[in-house]
Structure formats: structure tokens, C-alpha cells
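Accompanying notes for the structure given below.
Numbering (the numbering used here), first residue to last: 1041 to 1182.
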């Protein structure tokens, strides 16, 4: 089964949507779980590709005319409205980190240092390990 966010994942995402500057400690106090849990869940959400970035929201009313026009151009290029309600009934569409094919079942995970890579099958995981053997050994030694 593909990755399915639970109540903790949803609470972390909602907290970051309200204010992306919050620390893991602030979020943990808010949603009443430990700080390491929030950090691990955040890293997993980034690793599976659900969280792409934490972006600033700029108050254009605080800018003067010259910079306001420049920031308005930046805003129209990069800002997207996220009016999607995330629920635990949703399933994340994942792609294999090697063949880029869809992961239709439970992903085969390869943990490397603080990173996780996700694969559609054990063959892709093994091929990835072989292809990046040197890099993996270096990262695991750190």
C-alpha cells in the first residue's frame, strides 16, 4: 500500500501551512507529540515528496512602490494557492526512485543516513544500491 498520511502527518502539515517558520519543538507542543517524532515525520514527508518546500508569504503592503512591483512579479511566478484539504483518506502517488514507475503497493524502502529512498520492487532497490554503492557507503560512515 502506498504512503497514507495519518493524523500526526496531517497535523504537522496543517501547522506548517499556518506558519512555516515554526520549529519542530513548537509543532510538537502544538500537536502533543515528541519533538523527535515531529522531526522524523517531517523528514519522511519530505522524502516521499509530499512537502516540496516551505515558502515565505510576503506582505506586499509593507513595501514601497519600486520594490512592490518587483515582488508582485515574483509572487505571480512562484505563489500557488493551496486550497486542498488534506485528510487521512488520501493516498500519496509515489514513484520509484530508480525507474520512475508508479509504486502501487507498499514501497520498498532504503534508508541511507538521514535519507529514505522508495522503490517499486526489490529489484529496483538492489540496482539502486549497486549503482550508488560508493555514495551510500560514504553517507553511512558519517
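From the three backbone atoms N, C-alpha and C, an ideal C-beta is built for every residue, glycine too.
- For residue 1078, the enclosing alpha helix (DSSP H) stretches over residues 1075 to 1087.
- Judged by DSSP secondary structure, residue 1058 falls within the alpha helix (DSSP H) whose first and last residues are 1047 to 1058.
- Residue 1093 is classed as exposed because its beta carbon has fewer than 16 other beta carbons within 10 Å across all chains shown.
- The three-state reading of DSSP puts residue 1150 in strand, counting E and B together.
- Residue 1091 and residue 1174 have their C-alpha atoms spaced approximately 28 Å apart.
- The beta carbons of residue 1169 and residue 1150 sit about 7 Å from each other, so the pair counts as a contact at 8 Å.
- Secondary structure of residue 1157 (DSSP, three-state): strand.
- The alpha-carbon separation between residue 1172 and residue 1054 amounts to approximately 35 Å.
- When secondary structure is reduced to three states using DSSP, residue 1176 falls in the helix class.
- Under DSSP, residue 1143 forms a beta bridge with 1134.
- Taking each of 1083, 1043, 1058, 1074 in turn and checking the Cα distance to residue 1153, the smallest one comes out for 1083.
- Boundaries of the alpha helix (DSSP H) harbouring residue 1064: 1064 to 1071, taken from the DSSP string.
- Apart from sequence neighbours up to five positions away, the residues of its chain that approach residue 1135 with a beta-carbon distance below 7 Å are 1141, 1142, 1143, ordered along the chain.
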